[in-house]
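> Mapping of the sequence shown onto mature numbering (1 follows the signal peptide of the UniProt record, and there is no 0): residues -22 to -1, 1 to 439, in sequence order. Backbone N, C-alpha and C fix where the C-beta goes; we use that ideal spot for every residue, glycine too.
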Amino acid sequence: MKQLSRLRLLASILTCITVAFAQTTVPVFGQCGGQVYTGSTTCAAGSVCVVQNPFYSQCVPGSGTVSATGTKTATTTTVSTPTATPSGFVKTSGIHFTLAGKPFSVVGANSYWVGLMNYGVADMNTAFADIAATGATVVRTWGFNEVTQPDGVAFYQSWSGSTPTVNLGATGLENFDNVVAAAKANGLRLIVTLTNNWYSIFESIQQAGTYFILNLQRSDYGGMDVYVNQLLGNGSPHDFFYTNATVIAAYKNYVHTFVSRYVNEPGILAWELANEPRCQGSTSATSGTCTNPTITNWAAELSAYIKSIDSNHLVAIGDEGFFNDPGNPIFVYQGSLGIDFDANLNISTLDFGTFHDSWDEPANPFGTTWISDHAASMLATNKPVIMEEFGITNDEVDVYGSWYDEILSADLTGDLIWQAGSILSNGPSDPGGAVYPGSAVYVLDTQHAAALRARDGDPVA
Ligand SMILES: *[C@@H]1O[C@H](CO)[C@@H](O)[C@H](O)[C@H]1NC(C)=O
Ligand SMILES: *[C@@H]1O[C@H](CO)[C@@H](O)[C@H](O)[C@H]1NC(C)=O
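Structure below.
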């Protein structure tokens, strides 16, 4: 805890001192580039300008080179130590994860994009190496992309009317084989999420080295709504995903094909039933009959189904961790969204619980209480609980620092930040909100991973 606070203090002192005598030199952690930026691009001695996103480049400690296109890449002072290739399967013991009977920390990042943006194996390796260099052990990624019309990126299932076909080829599960191999080559294990509550997402498209955000509104990207629309008719209630026998059978078929392929794969840590399941999806179409038990029953059935295929890997829901406390003044505690975190943790075929930061609440003081309340549930059920998605865009170092302090002091099992970013062969992996090597948050994450692994007695490579 103290170590983290000191690091943040040091970073701000360093910034202030450098600002004092730099007119044309940008201080460490200062801005040095970006699409509408007009200031100096020269970083203070001992630091280098790194692209964080198309709109913001930052001076980070280290040395580096400037490419002909003006894109600068850094060789930061962070040292990546090769980690042993994963073998064996991660299990749980009380509130902890274990590997071969020894403590295994779950700390790392999300990267939904690593398997879905046509990256080759070299870029996948760069992406995972950047995450591994923070001391991370785990990456959460998407094991779904439902399409009705293939549109040039990897997809794992395509639909022709009501007939789904799992894509086993090079743009399908063979691509996911590469994702798993690249993660493993960097000593990382994957949490793989098998469908999505959401369908309308902003997607970054990279073309010829220029970056722009294209709101593709890919109704096909998501998951649940594709099943429901293709099988039951367009505009059918989202929550029929959890109850309609035809839909459940189709999802089980996909799960069966995907999970069976990797039953003996140590590079996978866990399967997740869905990203952020709720009664409501991206549109307002609901049946009006979905309540918390609807998703609890579905989660019990689907998790038992996965266990019947694959007894090696852990299973979780992948939900946001809403509590069921009607009357509580805070929305995400009121039990109105279809998730009862404590009831779901009781399901015997679910190995650990997850929660995400909240879109509906301010970062703090909500955040630290949200963490400690989930740590209380963790202790009550004696199962691991991880904060598996959190990503804010203001005052990140201070807010994440306070959350990491709380995770350590409340003894929460682990956490995965949203989300990792890398400078790849054609530029930054993602234009928004990612944690790029050398950034202040990346440095903080590195400190945090070491602190969490030291707490658990998991040797830091
Ligand atoms: C699922 O939806 C189909 C199509 O609307 C319907 O025929 C079937 O009865 C539904 N099944 C259940 C169990 O609700
Ligand atoms: C979870 O299980 C425990 C032990 O059986 C029980 O006391 C508790 O009420 C259950 N919690 C929920 C929310 O169902």
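#1: If you measure from the CB of Ala148, is any heavy atom of ligand 1 nearer than 7 Å?
#2: Count the other CB atoms, across all protein chains shown, that sit within 10 Å of the CB of Glu152; report buried if there are 16 or more and exposed otherwise.
#3: In terms of DSSP beta bridges, what is Ala294 paired with?
#4: Taking the C-alpha atoms as reference points, what is the distance between Val116 and Leu168?
#5: Entirely within the region 87 to 146 and at least 4 residues each: give me those alpha helix (DSSP H) ranges in chain order.
#6: Determine whether the beta carbon atoms of Thr332 and Glu384 lie at a separation below 8 Å.
#7: Check this for me: beta carbons of His352 and Glu298, under 8 Å apart or not?
#8: For residue 441, which of Ala22, Gly11, Tyr15 has the nearest alpha-carbon?
#9: Is the beta carbon of Leu247 sitting closer than 8 Å to the one on Leu292?
#10: Can you tell me whether Asn222 sits near ligand 1, meaning its C-beta is under 7 Å from at least one heavy atom of the ligand?
#11: Three or more C-beta pairs under 8 Å: does that hold for the region 74 to 92 against the region 125 to 140?
#12: How would you call Trp337, buried or exposed, if buried means at least 16 neighbouring beta carbons within 10 angstroms?
#13: By Cβ distance, which residues of its chain are closer than 6 Å to Ser197, with the 5 residues on each side in sequence left out?
#14: How many Å lie between Thr221 and Asn123 at the Cα?
#15: Quick one: is the Cβ of Asn270 within less than 7 Å of any heavy atom of ligand 2?
#16: Quick one: grab the DSSP three-state call for Pro81.
#17: Where Met95 and Gly305 are concerned, what is the direct C-alpha to C-alpha distance, given to the nearest angstrom?
#18: Alpha helix (DSSP H) containing Thr272: first to last residue?
#19: In three-state terms, what does DSSP make of Arg167?
#20: So, for Gly201: in the same chain, excluding its five sequence neighbours on each side, which residues have a beta-carbon less than 6 Å away from its beta-carbon?
#21: According to DSSP, which residues form a beta bridge with Gln36?
#22: Within the present structure, is the beta-carbon of Leu210 separated from the nearest heavy atom of ligand 3 by less than 7 Å?
#23: Measuring alpha carbon to alpha carbon, tell me which residue in Ala132, Leu328, Pro128 is nearest Thr149.
#24: Within a Cβ cutoff of 6 Å, which residues of the same chain sit near Ala78, ignoring the five residues on either side of it in sequence?
#25: Please report the straight-line C-alpha distance between Phe344 and Asn145, rounded to a whole angstrom.
#26: What residues in its chain sit with their C-beta under 7 Å from that of Gly72, if we drop five residues either side in the sequence?
#27: Using a Cβ-Cβ cut-off of 6 Å (strictly less than) and excluding sequence neighbours within five positions of Thr272, which residues of its own chain qualify?
#28: Let me know the secondary structure DSSP gives Glu152 once reduced to three states.
#29: Tell me the DSSP secondary structure of Ser71 in three-state form.
#30: Once DSSP output is grouped into helix, strand and coil, what is the label at Val421?
#31: Only counting the same chain, and skipping five residues up and downstream in sequence, which positions put a Cβ closer than 7 Å to that of Phe(-2)?
#32: In chain order, what residues of the same chain have a beta carbon less than 8 Å from the beta carbon of Asp373, not counting five sequence neighbours either side?
#33: Tell me whether Asp351 counts as near ligand 2, meaning its Cβ is closer than 7 Å to at least one heavy atom of that ligand.
Answer, in terms of the structure:
#1: no
#2: exposed
#3: Glu250
#4: 6 Å
#5: 99 to 110
#6: no
#7: no
#8: Given a span of -22 to 439 for the chain in the structure shown, any question on residue 441 remains unanswerable.
#9: yes
#10: yes
#11: no
#12: exposed
#13: Low confidence applies here, because Ser197 scores a pLDDT of 44, under 50, leaving its location unreliable; read the following figure in that light. Taken in chain order, the residues that qualify are Tyr177.
#14: 22 Å
#15: no
#16: strand
#17: 43 Å
#18: 270 to 287
#19: strand
#20: Phe122, Glu124, Thr173, Asn174
#21: Gln9, Val28
#22: What this structure holds is ligand 1 and ligand 2, not ligand 3.
#23: Ala132
#24: Gly66
#25: 42 Å
#26: Asn360
#27: Tyr220
#28: helix
#29: strand
#30: helix
#31: Its pLDDT being 32, under 50, Phe(-2) is placed unreliably by the model, and nothing is read from it.
#32: Ala341
#33: no
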